[in-house]
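Residue numbers (my numbering): 11 to 272. Here the structure comes first, spelled out in C-alpha coordinates, and everything after it is commentary.
Structure below.
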(Lines of atoms letter the chains of each structure in order from A and count residues from 1; the text may use other names and numbers.)
(Lines give C-alpha, C1' and ligand atoms only; values in the text may rest on other atoms or scores of the structure.)
Protein backbone atom coordinates (compact mmCIF):
# COMPACT_ATOMS: atom_id res chain seq x y z
CA UNK A 1 0.00 0.00 0.00
CA UNK A 2 1.50 3.40 -0.99
CA UNK A 3 2.83 5.62 1.77
CA UNK A 4 1.61 9.22 1.93
CA UNK A 5 3.21 12.11 3.85
CA UNK A 6 1.12 14.72 5.67
CA UNK A 7 2.40 17.94 7.27
CA UNK A 8 0.32 20.21 9.47
CA UNK A 9 0.56 22.89 12.13
CA UNK A 10 -1.51 25.43 13.97
CA UNK A 11 -0.71 28.19 16.44
CA UNK A 12 -3.17 28.45 19.30
CA UNK A 13 -2.93 28.67 23.08
CA UNK A 14 -2.74 25.32 24.88
CA UNK A 15 -3.14 25.04 28.63
CA UNK A 16 -2.04 21.39 28.89
CA UNK A 17 0.35 20.32 26.11
CA UNK A 18 1.10 17.03 27.87
CA UNK A 19 -2.55 15.99 27.71
CA UNK A 20 -2.72 16.90 24.02
CA UNK A 21 0.44 14.88 23.34
CA UNK A 22 -1.02 11.85 25.13
CA UNK A 23 -4.20 12.09 23.06
CA UNK A 24 -2.19 12.37 19.83
CA UNK A 25 -0.33 9.17 20.66
CA UNK A 26 -3.66 7.40 20.84
CA UNK A 27 -4.93 8.96 17.60
CA UNK A 28 -1.78 8.35 15.56
CA UNK A 29 -2.19 4.56 15.68
CA UNK A 30 -0.23 2.98 12.81
CA UNK A 31 1.26 6.25 11.56
CA UNK A 32 4.94 7.17 11.81
CA UNK A 33 6.54 10.57 12.09
CA UNK A 34 6.98 13.42 14.55
CA UNK A 35 4.64 15.84 16.32
CA UNK A 36 5.74 18.70 18.57
CA UNK A 37 3.31 20.17 21.08
CA UNK A 38 3.86 23.40 23.02
CA UNK A 39 1.81 26.04 24.76
CA UNK A 40 1.87 28.01 21.48
CA UNK A 41 0.39 25.20 19.35
CA UNK A 42 1.18 22.08 17.40
CA UNK A 43 3.52 21.12 14.52
CA UNK A 44 3.50 17.68 12.93
CA UNK A 45 4.63 15.46 10.07
CA UNK A 46 3.16 11.99 9.76
CA UNK A 47 3.18 9.27 7.13
CA UNK A 48 1.31 6.07 6.43
CA UNK A 49 -1.52 4.64 4.37
CA UNK A 50 -3.91 7.25 3.02
CA UNK A 51 -6.83 5.67 4.89
CA UNK A 52 -4.93 5.91 8.19
CA UNK A 53 -4.11 9.57 7.56
CA UNK A 54 -7.76 10.23 6.69
CA UNK A 55 -8.83 8.70 10.00
CA UNK A 56 -6.24 10.64 12.01
CA UNK A 57 -7.11 13.99 10.43
CA UNK A 58 -10.84 13.37 10.76
CA UNK A 59 -10.60 12.52 14.46
CA UNK A 60 -8.14 15.32 15.23
CA UNK A 61 -10.35 18.01 13.70
CA UNK A 62 -13.37 16.86 15.70
CA UNK A 63 -11.76 18.92 18.47
CA UNK A 64 -12.82 22.53 17.76
CA UNK A 65 -9.36 23.76 18.74
CA UNK A 66 -7.99 22.11 15.60
CA UNK A 67 -10.68 23.42 13.25
CA UNK A 68 -9.16 25.06 10.19
CA UNK A 69 -5.85 23.22 10.44
CA UNK A 70 -4.45 22.64 6.96
CA UNK A 71 -2.93 19.31 5.93
CA UNK A 72 -0.46 19.20 3.04
CA UNK A 73 0.09 15.78 1.50
CA UNK A 74 2.71 14.38 -0.85
CA UNK A 75 3.54 10.95 -2.22
CA UNK A 76 6.48 8.89 -0.94
CA UNK A 77 8.87 6.73 -2.90
CA UNK A 78 10.89 6.13 0.28
CA UNK A 79 9.17 5.66 3.67
CA UNK A 80 9.89 9.04 5.29
CA UNK A 81 9.97 7.90 8.92
CA UNK A 82 10.87 4.78 10.87
CA UNK A 83 9.12 5.52 14.17
CA UNK A 84 6.56 7.74 15.89
CA UNK A 85 7.76 10.48 18.25
CA UNK A 86 5.37 12.92 19.95
CA UNK A 87 7.05 15.38 22.30
CA UNK A 88 6.20 18.41 24.42
CA UNK A 89 8.57 21.30 23.71
CA UNK A 90 8.92 24.99 24.74
CA UNK A 91 8.25 26.04 21.10
CA UNK A 92 6.77 24.19 18.13
CA UNK A 93 9.50 25.80 16.02
CA UNK A 94 12.58 26.97 17.89
CA UNK A 95 13.12 30.54 16.69
CA UNK A 96 13.41 32.29 20.03
CA UNK A 97 10.83 35.04 19.49
CA UNK A 98 7.34 34.94 21.02
CA UNK A 99 4.48 34.01 18.73
CA UNK A 100 1.76 36.56 18.05
CA UNK A 101 -0.79 36.53 15.21
CA UNK A 102 0.18 38.74 12.29
CA UNK A 103 -2.39 40.74 10.38
CA UNK A 104 -2.77 40.72 6.60
CA UNK A 105 0.54 39.02 5.74
CA UNK A 106 -0.54 35.81 3.96
CA UNK A 107 -0.15 35.76 0.17
CA UNK A 108 -1.55 33.08 -2.13
CA UNK A 109 0.83 31.37 -4.57
CA UNK A 110 -0.66 33.42 -7.39
CA UNK A 111 -0.14 36.67 -5.49
CA UNK A 112 3.35 35.54 -4.49
CA UNK A 113 4.47 35.14 -8.10
CA UNK A 114 3.62 38.77 -8.83
CA UNK A 115 5.01 40.01 -5.51
CA UNK A 116 8.52 38.56 -5.86
CA UNK A 117 8.93 40.17 -9.31
CA UNK A 118 8.68 43.66 -7.81
CA UNK A 119 11.76 45.86 -7.40
CA UNK A 120 10.67 47.15 -3.98
CA UNK A 121 10.56 43.66 -2.41
CA UNK A 122 13.30 41.73 -0.61
CA UNK A 123 12.66 38.00 -1.07
CA UNK A 124 13.90 36.43 2.16
CA UNK A 125 14.50 32.70 2.67
CA UNK A 126 13.45 31.75 6.21
CA UNK A 127 15.32 28.43 6.29
CA UNK A 128 18.78 27.04 6.97
CA UNK A 129 21.55 27.90 4.51
CA UNK A 130 21.94 24.28 3.39
CA UNK A 131 18.24 24.29 2.42
CA UNK A 132 18.74 27.54 0.50
CA UNK A 133 21.70 26.13 -1.41
CA UNK A 134 19.73 23.06 -2.49
CA UNK A 135 16.90 25.18 -3.88
CA UNK A 136 15.39 28.66 -3.66
CA UNK A 137 13.10 31.21 -5.28
CA UNK A 138 14.91 33.19 -7.96
CA UNK A 139 16.52 36.30 -6.46
CA UNK A 140 16.01 35.20 -2.85
CA UNK A 141 18.40 36.31 -0.09
CA UNK A 142 20.17 33.74 2.09
CA UNK A 143 20.30 35.10 5.67
CA UNK A 144 23.11 32.69 6.55
CA UNK A 145 21.13 30.64 9.06
CA UNK A 146 22.83 27.59 10.57
CA UNK A 147 20.27 27.44 13.36
CA UNK A 148 16.67 28.74 13.25
CA UNK A 149 17.51 31.16 16.05
CA UNK A 150 19.98 32.95 13.74
CA UNK A 151 17.13 34.33 11.63
CA UNK A 152 15.89 37.05 14.05
CA UNK A 153 19.42 38.40 14.40
CA UNK A 154 19.78 38.76 10.62
CA UNK A 155 16.44 40.55 10.34
CA UNK A 156 17.29 42.91 13.20
CA UNK A 157 20.61 43.79 11.56
CA UNK A 158 18.98 44.64 8.21
CA UNK A 159 15.57 46.07 9.16
CA UNK A 160 16.71 49.72 9.21
CA UNK A 161 18.41 49.35 5.82
CA UNK A 162 15.32 47.81 4.22
CA UNK A 163 13.06 50.53 5.62
CA UNK A 164 15.41 53.29 4.47
CA UNK A 165 15.34 51.82 0.94
CA UNK A 166 11.54 51.55 0.97
CA UNK A 167 11.72 47.76 0.73
CA UNK A 168 8.98 45.36 1.74
CA UNK A 169 9.88 41.83 2.85
CA UNK A 170 8.44 38.71 1.24
CA UNK A 171 9.56 35.63 3.14
CA UNK A 172 9.02 31.93 2.62
CA UNK A 173 9.83 28.61 4.24
CA UNK A 174 9.02 24.95 3.58
CA UNK A 175 5.51 24.70 4.99
CA UNK A 176 4.79 28.18 6.37
CA UNK A 177 5.35 27.67 10.08
CA UNK A 178 8.69 29.51 10.42
CA UNK A 179 7.27 32.53 8.61
CA UNK A 180 4.07 32.57 10.64
CA UNK A 181 6.11 32.40 13.84
CA UNK A 182 8.20 35.46 12.92
CA UNK A 183 5.81 37.66 10.89
CA UNK A 184 4.24 39.65 13.75
CA UNK A 185 7.64 40.11 15.41
CA UNK A 186 8.96 41.56 12.11
CA UNK A 187 5.95 43.86 11.86
CA UNK A 188 6.93 45.09 15.30
CA UNK A 189 10.24 46.24 13.79
CA UNK A 190 8.28 48.46 11.41
CA UNK A 191 8.63 46.21 8.36
CA UNK A 192 5.95 45.56 5.77
CA UNK A 193 5.84 41.76 5.71
CA UNK A 194 4.40 39.20 3.30
CA UNK A 195 4.34 35.42 3.85
CA UNK A 196 3.95 32.72 1.21
CA UNK A 197 0.75 31.00 2.30
CA UNK A 198 1.45 27.33 3.02
CA UNK A 199 5.10 27.70 2.15
CA UNK A 200 7.09 26.17 -0.70
CA UNK A 201 5.16 22.90 -0.67
CA UNK A 202 1.85 24.70 -1.16
CA UNK A 203 3.41 26.71 -3.99
CA UNK A 204 4.50 23.51 -5.73
CA UNK A 205 1.04 22.03 -5.27
CA UNK A 206 -0.81 25.11 -6.52
CA UNK A 207 1.45 26.13 -9.42
CA UNK A 208 1.99 23.49 -12.14
CA UNK A 209 4.77 25.66 -13.60
CA UNK A 210 6.50 26.41 -10.27
CA UNK A 211 9.86 25.83 -11.96
CA UNK A 212 9.43 29.29 -13.53
CA UNK A 213 10.18 30.80 -10.13
CA UNK A 214 12.02 28.04 -8.27
CA UNK A 215 15.63 27.01 -8.79
CA UNK A 216 16.71 23.52 -7.68
CA UNK A 217 15.01 21.21 -5.19
CA UNK A 218 13.23 21.59 -1.84
CA UNK A 219 14.79 19.96 1.22
CA UNK A 220 12.44 18.08 3.55
CA UNK A 221 13.32 16.88 7.04
CA UNK A 222 12.68 13.18 6.47
CA UNK A 223 14.15 10.19 4.63
CA UNK A 224 13.02 11.46 1.24
CA UNK A 225 15.58 14.30 1.59
CA UNK A 226 14.40 16.44 -1.34
CA UNK A 227 11.39 17.04 -3.62
CA UNK A 228 11.12 18.59 -7.05
CA UNK A 229 8.53 21.21 -8.06
CA UNK A 230 6.01 18.43 -8.75
CA UNK A 231 6.38 17.14 -5.16
CA UNK A 232 8.22 14.05 -6.38
CA UNK A 233 11.22 12.68 -4.48
CA UNK A 234 14.56 13.30 -6.18
CA UNK A 235 17.75 11.21 -6.05
CA UNK A 236 19.58 13.69 -3.79
CA UNK A 237 21.11 12.08 -0.71
CA UNK A 238 21.63 13.43 2.80
CA UNK A 239 25.38 13.09 2.26
CA UNK A 240 25.14 15.46 -0.71
CA UNK A 241 22.97 17.96 1.18
CA UNK A 242 25.31 18.22 4.17
CA UNK A 243 28.62 18.03 2.28
CA UNK A 244 30.80 21.02 3.12
CA UNK A 245 28.63 22.19 6.01
CA UNK A 246 30.64 23.20 9.12
CA UNK A 247 28.41 20.93 11.18
CA UNK A 248 27.63 18.52 8.34
CA UNK A 249 28.88 15.39 10.09
CA UNK A 250 26.72 16.15 13.13
CA UNK A 251 23.67 16.87 10.98
CA UNK A 252 24.12 13.69 8.98
CA UNK A 253 24.53 11.56 12.10
CA UNK A 254 21.50 13.23 13.68
CA UNK A 255 19.37 12.67 10.57
CA UNK A 256 20.26 8.99 10.48
CA UNK A 257 19.58 8.61 14.20
CA UNK A 258 16.19 10.32 13.98
CA UNK A 259 14.97 8.38 10.97
CA UNK A 260 16.22 4.89 11.80
CA UNK A 261 14.04 2.41 13.65
CA UNK A 262 14.73 1.98 17.36
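C-beta: ideal position from N, C-alpha, C; glycine also. Just so we're clear, the structure is a prediction, and the values are computed from it rather than from any experiment.
- Close CB contacts of residue 238 within its chain, under the 7 Å cut and outside five residues either way in sequence, are with 227, 244 (chain order).
- Taken in chain order, the unbroken stretches of alpha helix (DSSP H) that lie wholly in the stretch 140 to 191 and span 4 residues or more are 160 to 174.
- Pairwise C-beta distances place the stretch 58 to 65 in contact with the stretch 35 to 44, as three or more of them are shorter than 8 Å.
- The continuous stretches of beta strand (DSSP E) do not include residue 92, and DSSP gives it neither H nor E.
- Close CB contacts of residue 50 within its chain, under the 7 Å cut and outside five residues either way in sequence, are with 21, 101, 102, 109 (chain order).
- Residue 205 and residue 66 have their C-alpha atoms roughly 28 Å apart.
- Residue pairing for residue 228: DSSP places it in a beta bridge opposite 237.
- Residue nearest to residue 261 within the set 175, 219, 156, 162 is 156 (criterion: CA-CA distance).
- Inter-segment contact for the stretch 190 to 200 and the stretch 109 to 126 is present: three or more beta-carbon pairs are separated by less than 8 Å.
- A straight line joining the alpha-carbon of residue 80 with that of residue 189 spans about 15 Å.
- Contact annotation: residue 17 and residue 185 have beta-carbon atoms nearer than 8 Å.
- For secondary structure counted as the beta strand (DSSP E) over 3 or more consecutive residues, the stretch 28 to 116 holds these complete runs in sequence order: 42 to 48, 51 to 58, 80 to 85, 94 to 98.
- Selection 12, 222, 175 evaluated against residue 87 yields 12 as nearest (Cα-Cα).
- In this chain, residue 22 is not harboured by any beta strand (DSSP E), its DSSP state being neither H nor E.
- Going by beta carbons, residue 140 and residue 251 fall inside the 8 Å limit.
- Separation of residue 210 and residue 23 (C-alpha to C-alpha, rounded to the nearest whole angstrom) is 26 Å.
- 90 is the residue among 37, 90, 180, 107 whose C-alpha sits nearest the C-alpha of residue 234.
- A residue is called buried once 16 or more other Cβ atoms fall within 10 Å of its Cβ, and residue 146 is buried on that count.
- In this structure, the beta-carbon distance from residue 131 to residue 151 does not fall below 8 Å.
- Nearest neighbour of residue 104 by Cα position, chosen from 53, 215, 181, turns out to be 53.
- Annotation for residue 221: no alpha helix (DSSP H) segment contains it, and DSSP assigns it neither H nor E.
- Within the same chain, Cβ atoms closer than 6 Å to the Cβ of residue 84 are found at 15, 241, the five residues on either side in sequence being excluded.
- Here residue 208 is buried. Its C-beta has 16 or more other C-beta atoms within 10 Å.
- The beta carbon of residue 122 is closer than 6 Å to those of 206 in its chain, skipping five residues each way along the sequence.
- Apart from sequence neighbours up to five positions away, the residues of its chain that approach residue 25 with a beta-carbon distance below 8 Å are 49, ordered along the chain.
- Under the three-state reduction of DSSP output, residue 242 falls in the coil class, being neither helix nor strand.
- Ranked by Cα distance from residue 55, the first of 92, 177, 182 is 92.
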